[in-house]
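Numbering (the numbering used here), first residue to last: 48 to 285.
Every residue, glycine too, gets a C-beta built ideally from N, C-alpha and C.
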């Protein structure tokens, strides 16, 4: 059994051990008073079902997640880890960014990232078709229509120069997921996170914060943010 397989089994066992306990609540506007809740068993079944429906068969490829704050983003990240693929969450746009410029810049960014597939909202997937060296797949998310309004319809045609080193796979077979640097001082850099790295960090956070099974975390931080992903999702889940 590889380290990656052992981690996936341990994650599955932990979720099943809390089958009837609510482990995750996702608040999605405008229904701020009615969070969407998931027990351990529901996270496991929904996450694996979603991952298999959009990425099949699993093959250890990098799958980019460009999605708004939604249950699907949380579940796909976990589901891809569970089925052996390598998810990487990218920063979602904001209303302050010009949508056409955002899409043009996105083509240049995505074309040089190591990936085998992009999962995003349907309108953006359609616009990006033909501009990327891998398939872009539309995902049905909560309030999809609201998010798709951010992007004008129409295929984006950009002349791009792809980096020769772009690869669809990660040599490290223990990789669970990728995290990208912000890119404020240059091209975004991919950081490979393994099960050993993740559990070591989670143990240190738990000990430093005195965190236990009676505690909860409430967060507004985005999932592409290290604090949002590691400290506010993985730590309480783990």
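Item	Value
Nearest CA to the CA of residue 23: which residue from 112, 164 and 85?	For residue 23 there is no data in the structure shown, the boundaries of the chain being 48 and 285.
Does DSSP classify residue 84 as helix, strand or coil?	strand
Give the secondary structure of residue 109 by DSSP, where H, G and I count as helix, E and B as strand, and everything else as coil.	strand
Tell me which residues share the same chain as residue 281 and place their Cβ nearer than 8 Å to its Cβ, disregarding the 5 neighbours each side in the sequence.	245 and 249
Which residues in the same chain as residue 240 place their Cβ atom closer than 8 Å to its Cβ, once the five residues preceding and following it in sequence are excluded?	222, 223, 224, 225 and 226
Taking the alpha carbon of residue 115 as the point to measure from, which residue in 104, 195, 277 and 260 has its own alpha carbon closest?	195
To which residues does DSSP link residue 239 through a beta bridge?	225
Sorted by chain position, which residues of the same chain lie with C-beta nearer than 7 Å to residue 279's C-beta, five sequence neighbours on each side aside?	264, 266 and 268
Taking the straight line between their C-alpha atoms, what separation do you get for residue 127 and residue 133?	6 Å
Could you have a look at residue 72 and say whether DSSP puts it in helix, strand or coil?	strand
Tell me whether residue 141 sits in a helix, a strand or coil according to DSSP, three-state version.	coil
Can you grab the Cα-Cα spacing for the pair residue 51 / residue 105, in whole Å?	14 Å
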